[in-house]
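Chains as they are written, first to last, in our numbering: chain C, 8 to 436; chain W, 8 to 436; chain Z, 8 to 436.
Each residue gets a CB set at the ideal place from its N, CA and C atoms; glycine is no exception.
A quick write-up on the structure given underneath.
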Amino acid sequence: MPADNLNLIQRLNAELAKIPLVDSHSHVPGPDPVSRTLDDILGYHYYTELAHSTGMSKDCLAKDHDPAARCREILSHLPKLKNTAQYRWFTHICRDFLGFQGGHPNETHAEQLWHEARTVFSRPDWEQTVWKKTNLACVFLTNDFDDALEGFDTTRYIPCLRTDDLVFHLHDPAVRNRLEKATAIAPTNAAKTRQAIDKLFVHFKAKGARACAISLPPSFTPAPVSDAAIDRALQNPTPGSTELAQGIFWILAEHCRDHHLPFDLMIGVNRKVYAGGVFQGQDLFDRRTSLVQYAALFNAFPSVTFPVSVLDGAQNQELASHAWIFPNVIAHGHWWYANVPSIIERDLRDRLNAVPAVKLIGYYSDAYKLEFILPKCSMFRGLLSRILANDFVAPGTLTEEEAVGVAGQLLEGNSRRIFRLPATGPGPA
Amino acid sequence: MPADNLNLIQRLNAELAKIPLVDSHSHVPGPDPVSRTLDDILGYHYYTELAHSTGMSKDCLAKDHDPAARCREILSHLPKLKNTAQYRWFTHICRDFLGFQGGHPNETHAEQLWHEARTVFSRPDWEQTVWKKTNLACVFLTNDFDDALEGFDTTRYIPCLRTDDLVFHLHDPAVRNRLEKATAIAPTNAAKTRQAIDKLFVHFKAKGARACAISLPPSFTPAPVSDAAIDRALQNPTPGSTELAQGIFWILAEHCRDHHLPFDLMIGVNRKVYAGGVFQGQDLFDRRTSLVQYAALFNAFPSVTFPVSVLDGAQNQELASHAWIFPNVIAHGHWWYANVPSIIERDLRDRLNAVPAVKLIGYYSDAYKLEFILPKCSMFRGLLSRILANDFVAPGTLTEEEAVGVAGQLLEGNSRRIFRLPATGPGPA
Amino acid sequence: MPADNLNLIQRLNAELAKIPLVDSHSHVPGPDPVSRTLDDILGYHYYTELAHSTGMSKDCLAKDHDPAARCREILSHLPKLKNTAQYRWFTHICRDFLGFQGGHPNETHAEQLWHEARTVFSRPDWEQTVWKKTNLACVFLTNDFDDALEGFDTTRYIPCLRTDDLVFHLHDPAVRNRLEKATAIAPTNAAKTRQAIDKLFVHFKAKGARACAISLPPSFTPAPVSDAAIDRALQNPTPGSTELAQGIFWILAEHCRDHHLPFDLMIGVNRKVYAGGVFQGQDLFDRRTSLVQYAALFNAFPSVTFPVSVLDGAQNQELASHAWIFPNVIAHGHWWYANVPSIIERDLRDRLNAVPAVKLIGYYSDAYKLEFILPKCSMFRGLLSRILANDFVAPGTLTEEEAVGVAGQLLEGNSRRIFRLPATGPGPA
């Protein structure tokens with residue numbers, strides 16, 4: 008590309024930074040959204056798992072380990088990761104939030120970073136500062152089905168009903184007890200389970216929930232299950248019961264339809280593949296899976312919008328093609344192992360060249376603390392700016408203004424429409 | 008890349024535009040090849056399905072709906088697609104053929120475009136004009152097995168025997184009746200079916216057919232079937248009979264061998280996945296498929312050339328590797344959901360870096376009307392020019408002249424050799 | 008990218024050429040490492056299979072065919088391959104080793120190249136010359152389990168225990184006899200086979216072996232097998248026995264653990280897919296495979312390092328993600344059909360952006376003669392320089408010096424650590 012495009016990319020990037028971000032999926036805890044110590048930053052599973060993968064023992068990850076010592080230990084392994092995008096999110100945080108000036112943070116900076124983080128994170132306006140620096144409109148949470156959804160502003164921290172436990176762990180008495188406790192209904196058969204799930208939806212909707220969400224293994228294929236079969240499965244619930252998982256999943260889809268909630272599908276994760284891995288660092292995927300497994304679902308619920316994420320970038324064309332054909336399928340962000348700049352760039356280019364922009368939600372942070380939204384979204388905006396410049400503005404397909412408009416759809420507008428959010432706000436103001 | 012490459016790309020692109028195009032697969036109707044109204048353009052399934060996918064009701068697609076009103080309706084949805092390559096083909100047509108000067112065509116241009124199309128398309132030399140502007144050498148059709156192949160110049164509009172119905176729908180009495188009507192032979196057993204199919208090949212060959220073609224689902228695996236098994240399957244034909252499909256397919260391959268016809272395989276489509284979709288907008292794919300499923304076929308018919316298309320770009324390396332190893336496998340164009348500029352660029356780069364140029368047919372339009380060949384092929388030539396410039400000429404691997412020679416193979420020469428076309432002509436002259 | 012990056016890329020490439028190369032996988036014969044005639048170069052399966060794929064009869068490949076005539080025949084087909092990377096390795100050899108000055112070598116250069124090769128390859132210091140020009144530190148061999156490992160310097164030519172025959176052909180009496188001859192133990196049951204394999208490991212370790220290696224079909228899934236089941240399988244060994252293959256494979260992994268050898272897994276090859284192909288030109292792959300099939304293995308042997316290669320670039324994200332999570336999984340080079348510059352560039356970018364550099368072995372040559380290491384590794388270094396420049400140095404993520412450091416890990420340092428080689432040497436000196 009000509010040198011000129013660099014200026015164009017920079018101009019676009021500057022415009023994109025002005026668009027308030029709707030972060031449509033995160034694990035930020037509503038009542039406790041910002042970090043308190045450096046441990047909240049370096050404890051993010053990306054760092055613990057990568058440090059472990061390059062040789063760090065899991066000992067320092069024990070709950071009772073001294074947090075400052077843990078940070079020093081993790082920092083001592085960071086130089087081995089310095090080529091990774093995950094590491095760049097951390098240096099971005101160090102520079103933008105913690106005033107770090109050096110090149111690459113390592114264990115010699117442990118004390119300095121620990122104390123600086125203490126100081127910065129304890130400022131009374133820290134949460135507001137992060138919202139402003141991030142230009143955040145609102146952020147979606149991941150809430151357990153029995154979450155009280157209290158202690159936070161649900162117009163900023165949008166509740167989202169996470170349903171993995173219901174679909175894949177209802178054989179577990181602990182989960183059934185939680186469901187009974189939350190709804191006062193024991194899920195002993197299909198009818199009662201349906202009533203209990205309805206109560207959950209009523210509760211979540213009343214609290215401003217804007218989505219139901221679930222992560223799904225590569226082998227899962229949604230299908231309707233008769234109440235009789237669900238009854239049988241619930242009488243003697245066993246781990247891994249396909250009928251139970253399919254049955255509950257289908258009931259959830261019915262409630263998304265009846266309660267007008269989009270159903271976020273995060274497709275492709277195999278849990279606990281690396282049994283000896285760190286917390287959240289045990290899961291992988293299997294490319295022997297296809298979105299065609301979801302055809303019955305997409306056909307059966309035309310009024311339910313399904314924002315779909317895939318874990319394997321090599322499945323991106325399936326996602327783009329399904330979003331191209333099915334009115335109710337949305338290509339949703341770049342998930343986890345596909346949340347890598349070179350993979351995002353490839354997948355996003357393919358989506359932008361093939362799928363109407365209204366069918367794309369550009370990005371979500373998947374963050375566990377608010378501080379991670381800025382570095383992750385900055386990475387995405389940089390990639391989006393480059394694609395818009397090179398593939399659309401430079402060849403004369405879109406004007407700069409139109410390109411910024413497309414970015415606005417991907418970063419804010421489509422999420423507002425699809426998740427039925429207000430047209431503006433509440434944002435950092 | 009350095010700024011200089013831009014000039015190089017432009018020079019190459021200008022040279023490539025001089026190469027007469029052999030369009031080796033289309034759905035252009037021989038007796039009715041050009042558009043009559045704007046409805047023939049906007050009725051292309053890419054627009055109806057994308058408009059539907061972004062919210063357009065299917066009502067306006069009813070046969071008896073007013074065509075001008077349908078065009079206005081589709082145009083009203085186009086702004087939502089303006090980032091897509093499919094939309095760029097339309098704006099290319101508006102500008103190059105309909106004198107459209109505005110930025111993005113929308114419903115406010117409906118009347119203007121409708122009338123301009125009427126005027127332009129009704130010119131007596133319109134068909135010739137399109138041939139000239141497109142620099143078209145000849146275009147392959149998609150002919151039903153019982154097509155009379157009359158009413159058109161078969162040196163320009165090359166007949167091609169499409170065999171999906173025979174392989175996958177011979178259980179259907181209507182299809183068996185059509186076969187009997189076309190050949191005067193009732194396909195009641197293997198021997199008679201073989202005779203009937205032979206008659207089809209004789210007819211098509213006599214009319215100048217240059218290929219037999221079929222699209223295949225991801226699950227299909229060719230294998231020889233005994234006549235006894237085919238006999239059984241034909242006695243009580245059922246939908247989805249694997250033996251019947253495999254048996255008829257193998258008979259077709261035998262006839263390709265005996266009649267010296269290449270057998271175009273378009274691999275990977277699942278039909279009617281989105282049951283509520285528009286016409287031609289219901290099909291998708293499943294990445295759980297492999298070209299290795301075709302090993303028995305490629306081994307059994309060394310004298311038959313198989314131009315192979317795949318629907319999923321993530322299968323492109325399989326295609327490149329099979330064309331690299333099997334003398335009778337040709338990598339053929341970029342099909343349907345993989346016919347997206349960013350996907351073509353990736354797949355074409357991989358093919359050009361790994362597979363001898365003589366084993367590559369660059370592109371086919373898949374067009375339903377002649378007007379679409381120009382915008383689609385222009386897109387391809389632009390991508391090919393860029394790859395040749397950056398990957399081959401700039402690093403000194405090929406001279407500009409050699410690069411144009413490679414392009415000539417991909418756009419014209421290889422198709423002439425593989426499909427046994429004359430060395431030149433008939434072309435636009 | 009700006010024009011400046013070109014200078015940066017060139018600077019990096021010059022620095023990378025100074026890094027001594029540890030070539031971690033080849034088929035170079037230890038006692039006969041360099042070419043003797045042009046036939047050793049053009050007989051490389053890449054040229055015979057591509058020439059055959061573009062129309063060359065296999066007649067000239069008969070053992071008793073005149074080698075000079077064979078070279079002329081292959082050369083006559085090379086112009087058809089001139090767009091391929093494989094061909095560029097040959098022109099690189101012609102220019103760098105044989106003083107060839109013309110554009111594209113073809114049959115008119117047959118005599119000249121034949122005689123020049125004779126002269127050059129028979130120089131007494133030819134082997135040393137190639138080591139120097141290649142800046143080679145050491146090269147790994149592929150040794151049959153019954154190889155005496157004699158007649159070469161095992162500090163330069165590193166023995167590697169190749170185990171395909173043991174795992175997939177122990178049903179073959181010839182293989183069992185070879186094992187008995189090599190170890191004086193007849194593999195009649197699990198216990199004896201274990202003893203025999205232990206003897207092989209002792210022998211290989213004593214001779215300086217640094218790895219155990221195997222290529223595996225897409226369908227293979229490692230799993231422990233009881234000795235009783237192995238006993239049964241060995242009593243009546245049949246081709247394709249899953250229990251026998253899994254059982255022997257698991258025993259090999261146990262010995263890798265006990266003898267501290269990394270276990271190179273080259274995953275995904277289907278043998279003899281094209282039955283009529285040339286020697287080594289019959290194998291392909293099947294993308295319906297997943298690294299998740301290896302989870303049990305990776306979990307069971309945490310102390311064994313597994314350098315993993317995949318045959319299909321579309322499986323690269325699986326490899327990157329497994330190397331990201333499993334401490335004992337290393338992403339290893341770019342194998343065979345994925346050893347294509349455009350595929351390497353994509354796969355390497357994804358690895359460098361997602362996986363700690365310490366978990367990556369950049370490249371191995373897979374060469375059959377020493378002369379091929381230079382052109383293949385030069386190709387890789389050029390791609391690595393470009394990625395480091397554009398993705399890391401230009402955006403300010405790494406300094407030039409740090410980028411060269413990362414390259415040093417990929418080209419030399421990681422292999423030295425993982426394969427327990429000395430910190431330096433022996434190299435070309």
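Problem - Chain-ordered neighbours of Val462(Z) on chain C, where CB pairs are closer than 9 Å - result: Coverage of chain Z is limited to positions 8 through 436, which leaves residue 462(Z) absent and any answer about it impossible.
Exercise for the section: Output yes if chain W places a C-beta closer than 8 Å to the C-beta of Ala193(C); else output no. Expected result: no
Problem - Through-space distance from Ala401(W) to Pro9(W), alpha-carbon basis - result: No answer about Pro9(W) holds up, because its pLDDT of 48 lies below 50 and its placement is not dependable.
Exercise for the section: Quick one: grab the DSSP three-state call for Val146(W). Expected result: strand
Exercise for the section: Give a yes or no on whether 8 Å exceeds the smallest Cβ distance from Asn360(C) to chain W. Expected result: yes
Practice task
Taking only the alpha-carbon atoms, compute the straight-line gap between Lys437(C) and Val362(C) and give it to the nearest angstrom.
Solution key: This structure cannot speak to residue 437(C), because chain C is shown only from 8 to 436.
Practice task
Name the two residues that bound the continuous beta strand (DSSP E) containing Val127(W).
Solution key: First-last for Val127(W): 117-128, but that is the alpha helix (DSSP H), not the beta strand (DSSP E).
Handout entry: Straight-line Cα distance separating Val413(Z) from Ala21(Z)
Key = 15 Å
Exercise for the section: Rounded to whole angstroms, what's the CA-CA distance from Ile332(C) to Leu15(Z)? Just pull it up for me. Expected result: 44 Å
Handout entry: Which residues DSSP lists as bridging Ile221(C), in chain order
Key = Leu272(C)
Problem - Own chain residues within Cβ distance below 6 Å of His339(W), not counting five before or after - result: Pro314, Val315, Ser316, Ile368
Handout entry: Below-8 Å beta-carbon distance, Pro348(C) vs any chain Z residue
Key = yes
Handout entry: Beta-carbon proximity check, Lys376(C) vs Asp47(C), cutoff 8 Å
Key = yes
Handout entry: chain W contacts made by the region 403-423 of chain C, where a contact means CB separation under 8 Å
Key = Thr404, Leu405, Thr406, Glu409, Val413
Practice task
Identify the continuous beta strand (DSSP E) that holds Val413(W) and give its terminal residues.
Solution key: It is not in any beta strand (DSSP E) - Val413(W) instead sits in the alpha helix (DSSP H) that spans 407-415.
Practice task
Using a Cβ-Cβ cut-off of less than 7 Å, list which residues of the region 279-290 of chain W approach chain C; keep chain order.
Solution key: Val280, Tyr281, Ala282, Gly283, Gly284, Gly288
Exercise for the section: Can you give me the Cβ contacts of Lys87(W) inside the same chain, cut-off strictly under 6 Å, excluding the 5 residues immediately before and after it? Expected result: Thr61
Exercise for the section: Anything in chain C within Cβ reach of His329(Z), meaning under 9 Å, just list it in chain order. Expected result: Val280, Tyr281, Leu291
Problem - Meets three-Cβ-pair contact criterion under 8 Å: the region 252-260 of chain C and the region 283-297 of chain Z - result: no
Problem - Minimum length 4: unbroken alpha helix (DSSP H) runs contained in the region 26-54 of chain C - result: 45-49
Exercise for the section: Taking 8 Å as the threshold, find out whether the region 212-220 of chain Z comes into contact with the region 147-163 of chain Z through three or more Cβ pairs. Expected result: yes
Practice task
Return no unless some Cβ of chain C is closer than 8 Å to the Cβ of Gln324(Z).
Solution key: yes
Handout entry: Assumed close pair Leu395(W), Leu19(W) - CB separation to whole angstroms, cut-off 8 Å
Key = 6 Å
Problem - Listed by chain order, chain C residues near Asp319(W) by CB distance under 8 Å - result: Gln324, Glu325
Exercise for the section: State the DSSP-derived secondary structure class of Val346(C), mapped to helix, strand or coil. Expected result: According to the sequence displayed, residue 346(C) carries Asn and not Val. Note: Asn346(C) maps to coil in three-state DSSP.
Handout entry: Candidates Pro166(W), Val299(W), Pro433(W), of which the one nearest Ala230(W) by Cα
Key = Val299(W)
Practice task
In angstroms with no decimal places, state the Cα-to-Cα distance between Asn150(Z) and Leu318(C).
Solution key: 39 Å
Practice task
Compute the Euclidean distance between the alpha carbons of Asn306(W) and Thr312(W), then round it to the nearest angstrom.
Solution key: 11 Å
Handout entry: Nearest candidate by alpha-carbon position, reference Ser129(C), set Thr431(C), Arg43(C), Ala240(C), Leu381(C)
Key = Arg43(C)
Practice task
Measure from the C-beta of Val365(Z) to each C-beta in chain C and report whether the shortest distance is under 8 Å.
Solution key: yes
Exercise for the section: Given a cut-off of 8 Å, decide if Ser372(W) and Asp30(W) are closer than it, judged by their beta-carbon atoms. Expected result: yes
Handout entry: Contact with chain C by Gly50(W), beta-carbon distance below 8 Å
Key = no
Practice task
Note down the Cα distance separating His266(W) from Leu207(W), rounded to an integer number of angstroms.
Solution key: 11 Å
Handout entry: Nearest to His111(W) (by Cα), restricted to the options Thr406(C), Pro435(C), Arg423(C), Gly415(C)
Key = Thr406(C)
Problem - Residue-chain proximity (His59(Z), chain D), Cβ-Cβ < 8 Å - result: Note that chain D does not occur in the displayed structure, where the protein chains are C, W and Z.
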